[in-house]
Structures are given as structure tokens and as C-alpha cells.
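For the sequence shown, our numbering gives the first residue as 70, with consecutive numbering after it.
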Amino acid sequence: MKDITATIEIDKKKIFDEIAKKTSYIGAKSKDDKDYDRIFVSDENEEFFETTFNLAHSECKEFLFAFTKEEVIPDGNKDKPQQLFPNYNITLSLPKHFSHTTITLLTNLINEYITCRLLSEWIMITQPESHVYWIERCSMIKKQISIAMTSRTEPLRRTLRPF
């Protein structure tokens with residue numbers, strides 16, 4: 070069976086905007102007014118997230134290894150550090166009958182994983198008591214990604230009697 074190639078786009082700007090929204094909401098719901106300023110993420114904090122963003126992106130490629138593996142090219146760009154690549158897409162090699170809806174789900178899950186991974190680092194500094202929630206959320210999303218990748222690799226066949 071011939072493989073197909075699918076690309077999952079990761080928009081760093083959208084992820085940073087999502088983090089700003091979530092931290093704004095967390096800060097606004099806090100009982101202490103000073104927490105808002107402490108928790109809220111602004112544009113100046115994006116430098117803090119850069120390393121963790123690269124790490125989260127690499128983690129996603131690693132736990133999708135069966136579908137993302139690339140050979141190292143000695144003279145190519147593959148051995149250069151990740152931050153030199155402005156493109157944070159993940160290219161997957163998938164079975165021919167892989168579901169398009171599953172690719173859409175994967176795109177959303179991977180973007181959510183990276184968002185939660187970055188939030189876990191930020192919350193660990195600003196609100197340590199909530200850190201465990203974000204780490205558990207990352208683990209839950211990884212499980213959902215694993216389930217999505219293993220459950221929809223074959224075409225779905227409906228029976229003549231659906232009930």
C-alpha cells in the first residue's frame with residue numbers, strides 16, 4: 070500500500086495568542102488582583118517560550134516517530150538547531166487510506182499539546198499549585214494523539230445494518 074504525505078501546520082503566533090488568552094482568563098479568575106499581572110503573558114514574554122516551543126515541537130515529532138522519521142543528511146539542514154527553521158510544520162508519512170478527519174483532529178491536538186506544554190512552563194513559575202493540571206493535560210493529549218494515530222489507519226467499512 071502506497072503512503073501519502075500530510076503536513077500539520079503549527080502557527081507559532083496563534084499558539085502565543087492562545088496562551089495570552091488563557092493566562093488572561095486565569096489571571097482574571099484569580100482572587101488576588103496582583104495575580105493578573107503576575108500570570109498574564111504579554112508579547113515581551115515570547116522569548117521565554119522560544120526554547121520550550123522548540124522542545125514541544127520536537128516532542129511532537131518524537132512521539133509521532135513512526136510517521137515522521139527522517140534520515141539525517143550530513144551536509145543538509147537536518148543537523149542544524151531547530152530555531153534556525155522558521156517553519157514549524159510536521160510532515161507525516163501515512164497509509165493511503167488514512168482519514169482526513171483524523172489529520173484535522175491531529176492538527177488540533179498537536180497545537181493544543183504545544184499550548185499546554187508552554188503554559189505548564191509558565192504556570193510553574195507564576196502559579197506553581199496549578200502546574201500539575203497542565204502537565205496532566207499534556208499527558209491526556211498525548212494519549213489522544215496516540216489513539217488517533219492507531220485507530221484510523223484502515224478504511225472504515227460500514228455494515229448494511231448500522232443498528
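A virtual CB, placed ideally from N, CA and C, is assigned to each residue, including glycine.
Q: Closer than 8 Å by C-beta to Gln151: which residues in its own chain qualify, once you throw out the five before and the five after it? Chain order, please.
A: Because Gln151 carries a pLDDT of 49, less than 50, the predicted location of this residue cannot be relied on, and the following value inherits that uncertainty. Same-chain partners within the cutoff: Asn123, His126 and Ser127.
Q | Complete runs of the alpha helix (DSSP H) confined to the region 149-207 [at least 4 residues] | A | 169-195
Q. Residues in its own chain within less than 6 Å of Ile204 by CB, not counting five upstream and five downstream?
A. Ser189
Q.
Please report the distance separating the alpha-carbon of Ser208 from that of Thr228.
A. 35 Å
Q | Backbone CA spacing between Ile192 and Ser199 [nearest angstrom] | A | 7 Å
(Q) For Leu175 and Glu116, I'd like the C-alpha separation in whole angstroms. (A) 27 Å
Q: Could you check which residue in Thr120, Leu187 and Lys98 has the C-alpha nearest to that of Lys83?
A: Leu187
**Q.** Nearest-angstrom Cα separation, counted from Thr219 out to Leu163
**A.** 11 Å
Q: Output the boundary residues of the beta strand (DSSP E) element that contains Glu86.
A: Note on identity: in this sequence residue 86 is Asp, with Glu being the wrong assignment. First-last for Asp86: Lys81 to Lys98, but that is the alpha helix (DSSP H), not the beta strand (DSSP E).
Q: Give every residue of the same chain whose Cβ lies closer than 8 Å to the Cβ of Lys130, excluding the five residues on either side of it in the sequence, and list them in chain order.
A: Thr137 and Ile159
Q.
Assuming Thr228 is part of the alpha helix (DSSP H), what are its boundary residues?
A. No alpha helix (DSSP H) holds Thr228; DSSP gives it neither H nor E.
Q. Are the CB atoms of Asn180 and Ile95 nearer to each other than 8 Å?
A. no
Q) Does the separation of the CB atoms of Phe134 and Ile73 fall below 8 Å? A) no
Q. CB-CB under 7 Å to Thr121, same chain, minus the five flanking residues each way: which ones, in chain order?
A. Arg186, Leu187 and Glu190
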